[in-house]
Amino acid sequence: MDNLRLKALAVLKRFYGYSNFYPYQYEAIECVMNGRDAMVLMPTGGGKSLCFQIPALLSEGCTIVVSPLLALMKDQVDALQANGIPAAAINSSQSEAFNREIIDQVFAKRIKLLYISPERLLTEIESWSAAMKISLIAIDEAHCISQWGHDFRPEYMRLSMLKKQFPDVPVMALTATADRLTRNDIVRQLNIPDARIFITSFDRKNISLQVIKNLSGKDKLHELTRFIDRHKGESGIIYCLSRKNAEKMAEKLNKIGYNSAAFHAGMPTAEKERVQQAFLNDDIPIICATIAFGMGINKSNVRWVVHSNMPKNMECYYQEIGRAGRDGMPAEALMFYSFGDVATLMNFARESGQSSVNIDKLRRMQQYAEASVCRRRILLSYFNERLECDCGNCDVCKNPPERIDGTVICQMALSAIARVNENEGVTTIIDILRGSQKTDIVAKGYNKLKTYGVGRNLTFAAWNSYLLQMLQLGIIDIAYDDGNHLKITEYGHDILHSMRTVQLSKFYYDNNRHKPEKEAPRLPVDIPLNQSLMSKLKELRYAIAKAHGVPPYIVFSDKVLDVIATQKPTTKAQFSTLYGVGERKTEMYWRQFTSLVASFLNSQDNEK
29 MDNLRLKALA
39 VLKRFYGYSN
49 FYPYQYEAIE
59 CVMNGRDAMV
69 LMPTGGGKSL
79 CFQIPALLSE
89 GCTIVVSPLL
99 ALMKDQVDAL
109 QANGIPAAAI
119 NSSQSEAFNR
129 EIIDQVFAKR
139 IKLLYISPER
149 LLTEIESWSA
159 AMKISLIAID
169 EAHCISQWGH
179 DFRPEYMRLS
189 MLKKQFPDVP
199 VMALTATADR
209 LTRNDIVRQL
219 NIPDARIFIT
229 SFDRKNISLQ
239 VIKNLSGKDK
249 LHELTRFIDR
259 HKGESGIIYC
269 LSRKNAEKMA
279 EKLNKIGYNS
289 AAFHAGMPTA
299 EKERVQQAFL
309 NDDIPIICAT
319 IAFGMGINKS
329 NVRWVVHSNM
339 PKNMECYYQE
349 IGRAGRDGMP
359 AEALMFYSFG
369 DVATLMNFAR
379 ESGQSSVNID
389 KLRRMQQYAE
399 ASVCRRRILL
409 SYFNERLECD
419 CGNCDVCKNP
429 PERIDGTVIC
439 QMALSAIARV
449 NENEGVTTII
459 DILRGSQKTD
469 IVAKGYNKLK
479 TYGVGRNLTF
489 AAWNSYLLQM
499 LQLGIIDIAY
509 DDGNHLKITE
519 YGHDILHSMR
529 TVQLSKFYYD
539 NNRHKPEKEA
549 PRLPVDIPLN
559 QSLMSKLKEL
569 RYAIAKAHGV
579 PPYIVFSDKV
589 LDVIATQKPT
599 TKAQFSTLYG
609 VGERKTEMYW
619 RQFTSLVASF
629 LNSQDNEK
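The sequence shown: position 486 = 514 (our numbering), numbered continuously.
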C-alpha cells in the first residue's frame with residue numbers, strides 16, 4: 029500500500045472513525061494531492077466532503093471551500109469542529125471583527141478549512157494571495173455555476189477567474205446532481221478542461237420510491253397522515269409547489285395533531301432560521317417547505333421525504349429525495365402526482381429563460397411519475413447510469429405490470445434510429461416505423477428505409493409507450509442540446525446486435541387495467557437488538573446536543589447509534605473501535621454512552 033493511501037486512511041480513522049473509503053473517494057483525494065484538478069459527482073450522503081477534507085488535513089496551508097449557503101457552511105463547520113478539525117467560515121451573519129479574526133487565524137496557519145461564499149471570496153482573494161498558502165480550492169454545489177443546472181446562481185460564474193489567478197492550486201468541483209450537459213458546462217465554466225472526473229453510482233438503494241396518482245385533496249391528506257404515522261417520531265420533509273401550499277399543509281397537519289412548521293423564501297429571515305434550527309435539533313420533526321429548504325441541510329437522520337406535488341425536473345427530485353437517509357439507514361420517498369401539477373409546472377417552464385429545455389425536463393419528470401417500469405432504473409438512466417435489473421424497492425417493482433419480451437420491438441426502433449443517423453426525434457421515428465406518408469417523411473426519403481413500416485401493426489400510442497420505456501431503461505437517450513434527437517446508448521447497441529434481450533411492460537389502451545396498487549411496504553430495517561436501548565441512546569444524544577448547542581446528528585448519526593445498540597460497548601477501548609467514532613468523539617462521549625449501555629445491561633440482567 030502506498031504512503032499517501034496509508035496517511036489518508038490514518039486521517040480517516042483518527043478524525044472520522046471510518047476504516048475504509050467509499051468508491052472513488054481515495055482516487056479523488058490522490059488526484060488533487062498530485063496537483064491535478066478534479067470533478068466529483070457523488071450522491072447526497074455519498075461522502076463528497078471527505079474528498080476535499082482529507083487533502084486539507086494532509087496538506088500544508090488552507091483549503092478554501094466555496095459554499096452557496098450560510099446554513100451549509102455552519103453545518104459543515106460544526107461537524108468538522110466536533111471531530112476535532114480546525115475549520116471556520118466567513119460570512120455576513122458574523123461581525124466583521126469576528127471575520128477578521130478568522131482570517132488572521134488562517135494567516136497564522138491555525139485553520140485547515142475555510143468556508144466562504146463566492147461573493148465574499150471574490151472580494152477578498154486578491155488581498156490574500158500573497159500572504160495565504162492555499163492548498164486546494166473546493167467548489168461545493170458546483171451545479172450552481174451552470175445555466176443547465178437546476179439551481180443556477182449568477183455569482184458562481186465569476187469563479188472562472190480562480191484558475192487564472194491560482195494556476196498552480198488544484199480546483200475540485202463537487203455536486204450530487206448533474207446530468208451530462210451540466211457536467212460539461214461546469215468543467216468549461218471553471219476553466220478546468222483537464223480535470224479528472226469521478227462519478228460514483230447515483231443509486232441510493234436505501235431509499236424506497238413510491239408515486240401515488242390523481243388523489244383529491246381529502247384523499248391525499250388521508251394517505252399522507254397514514255404515511256407519517258408509519259414514521260412516528262422520525263424527521264421528514266414535505267415539499268410543496270408554492271409558499272401558500274406549504275403554509276396550508278403545515279396548518280392542516282398541526283390542526284390534526286402533528287408537530288410541523290412551514291418554510292419558504294418569503295418568510296422573515298429570523299423565522300426561517302428558527303424553524304430550520306428547530307428541525308435540525310429534532311424539536312420540530314416535520315417541515316412543509318418549498319424548494320428553498322434543504323440545500324444547506326446535512327441532517328443525516330431525515331427518514332422520509334414527501335413531494336406533495338410533482339417536481340419540475342429529475343435533478344430537483346433526485347436532490348430532494350436525497351435529503352432522506354443520508355446515514356445509509358432505510359428511508360422512504362413518496363410523490364403525489366396529478367395532471368394539474370403538470371399544467372402548473374408547464375406554465376412555469378414556458379415563462380422561464382430556457383423554456384425548451386425546461387419543458388423537455390418536465391416531460392421526463394412526468395414520464396417518471398407515469399412509469400410502468402422500475403422507477404430506480406428510470407432515475408439512474410436519466411443520469412446516464414444503467415441498472416442491470418429491477419430494484420425491488422419501488423412501488424412498480426412491488427406491484428409489477430404484465431411483462432413481455434420486448435427485444436424485437438426495441439430492435440425495430442433502434443434500427444430506425446440508426447438508419448437516420450440518430451438525427452431525428454420521437455415522432456419521426458414512430459412515423460417511420462408505422463409507414464407514415466407524411467410529406468416530410470417522403471421528402472427526406474425515409475419511406476425507402478429498410479425499417480419503414482416494419483411496426484405498422486402497433487399504434488402510435490403503443491410505440492410512444494415502448495420508446496418511452498426504452499428511454500427510461502437507458503436503451504436510448506435524448507440529446508437536449510441537439511434538437512431532442514434520439515441517440516442509441518451502449519446498452520442499446522447490445523440489444524440491436526442481439527447481444528442482450530429486454531423485457532418491456534405490455535402496453536394497454538386503458539391504463540386502469542393495471543392491477544390496483546397496494547400500499548408499498550417499508551424497506552426492511554436492520555432492527556437494533558433492543559429498541560428500548562436505541563430509544564435511550566437517542567435521548568442521551570439529544571441531551572448532549574442541547575448541552576453543546578449543536579444538532580443531535582452532529583453528535584452521532586442514527587447509524588452510529590444503531591452500531592452502539594447492536595455492539596453494546598461498555599469500555600473506552602470497545603467504544604473507540606466503533607464505526608463513525610473518531611478520537612475526539614471517543615474522548616468526549618465514551619463515559620456517557622458506555623455508562624448508559626452498562627446500566628441498561630444491568631437492568632436487563634436484573635429482570636431475568
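Positions of the beta carbon are idealized from the N, C-alpha and C atoms, including for glycine. Since the model is a prediction, treat every value here as computed from it, not as a measurement.
Classify Ile523 as helix, strand or coil using the three-state DSSP reduction. If DSSP states are grouped into helix, strand and coil, Ile523 belongs with the helices.
Would you mind stating whether Leu561 and Phe628 have Cβ atoms separated by less than 9 Å? yes
Tell whether a beta-carbon distance below 9 Å holds between Thr5 and Thr605. Since the displayed the chain opens at 29 and closes at 636, residue 5 lies outside it and no answer follows.
Which listed residue (Ala289, Ile319 and Met295) has its alpha carbon closest to that of Leu308: Of the candidates Ala289, Ile319 and Met295, the residue whose Cα lies closest to the Cα of Leu308 is Ala289.
First and last residue of the alpha helix (DSSP H) that includes Met342? Met342 to Ile349
With DSSP as the reference, label His335 as helix, strand or coil. strand
Have a look at Met440 and Ile503 and give me their C-alpha separation to the nearest angstrom. 13 Å
Between which two residues does the alpha helix (DSSP H) holding Glu275 run? Where Glu275 is concerned, the enclosing alpha helix (DSSP H) starts and stops at Arg271 to Lys283.
Distance between beta carbons of Pro96 and Glu169, contact taken as under 8 Å: 5 Å
Would Leu514 and Ile592 be called neighbours here (beta carbons separated by less than 9 Å)? In this structure, Leu514 sits away from Ile592, with a CB-CB distance that is not shorter than 9 Å.
On a CA-only basis, which of Glu518, Leu499 and Ser493 is nearest Tyr536? Give me that one, please. Ser493
Consult DSSP for Gly264 and reduce its assignment to one of helix, strand or coil. strand
So, helix, strand or coil for Leu218, using DSSP? Leu218: coil per DSSP, three-state reduction.
Counting C-beta neighbours from all protein chains within 10 Å, is the total for Ala136 16 or more, i.e. buried, or is it exposed? exposed
In three-state DSSP terms, what is Gln133? helix
To which residues of the same chain is Lys41 closer than 8 Å at the C-beta, ignoring the five residues directly before and after it? Ser47 and Gly610
Nearest by alpha-carbon distance to Ala110: which of Leu624, Tyr581 and Tyr607 is it? A check of alpha carbon separations from Ala110 across Leu624, Tyr581 and Tyr607 identifies Tyr581 as the nearest.
Outcome for Met200 when other beta-carbon atoms lying within 10 angstroms are tallied against a minimum of 16: buried
Which stretch, first to last residue, makes up the alpha helix (DSSP H) that contains Leu69? Taken as a continuous stretch (DSSP letters only), Leu69 belongs to no alpha helix (DSSP H), being part of the beta strand (DSSP E) at Ala66 to Leu69.
Within a Cβ cutoff of 6 Å, which residues of the same chain sit near Val330, ignoring the five residues on either side of it in sequence? Ser263, Arg351 and Ala352
State the beta-bridge partners of Ser288 as determined by DSSP. Ile314, per the DSSP bridge assignment.
Hey, out of Ile312, Glu275 and Ile57, whose CA is closest to Asn287's CA? Ile312
Comparing alpha-carbon positions, which option in Ala573, Ile118 and Cys402 lies nearest Lys426? Among Ala573, Ile118 and Cys402, the Cα nearest to that of Lys426 is on Cys402.
Per DSSP, which one or two residues make a beta bridge with Tyr365? Lys241
Runs of 3 residues minimum, wholly inside the region 139-187: which ones carry the beta strand (DSSP E) assignment? 141-144 and 162-167
Under three-state DSSP, which class holds Asp433? The answer is strand: DSSP assigns Asp433 an E or B state.
Distance between Ser229 and Asp423 (C-alpha atoms, nearest Å): Between Asp423 and Ser229, the C-alpha separation is close to 21 Å.
Gly453 classed as buried or exposed, judged by whether at least 16 other C-beta atoms fall within 10 angstroms: By the Cβ-count criterion, Gly453 is exposed, with fewer than 16 other Cβ atoms from all chains shown falling within 10 Å of its own Cβ.
Per DSSP, what are the beta-bridge partners of Lys472 in this structure? According to the DSSP secondary-structure assignment, Lys472 is paired through a beta bridge with no residue.
Among Glu154, Lys35, Gly245 and Leu565, which has the Cα closest to the Cα of Lys192? Glu154
Where Met200 sits in the DSSP three-state scheme: strand
What three-state label does DSSP hand Ala507 in the structure shown? In the structure shown, Ala507 sits in a strand (DSSP, three-state: E or B).
Please classify Ile319: does DSSP put it in a helix, a strand, or coil? coil
8 Å contact criterion, which Cys268 and Cys316 should meet: CB distance rounded: 6 Å
Do the region 385-399 and the region 485-492 make contact, defined as three or more Cβ pairs closer than 8 Å? No, they do not touch.
Euclidean distance between Cα positions of Phe411 and Leu108: 31 Å
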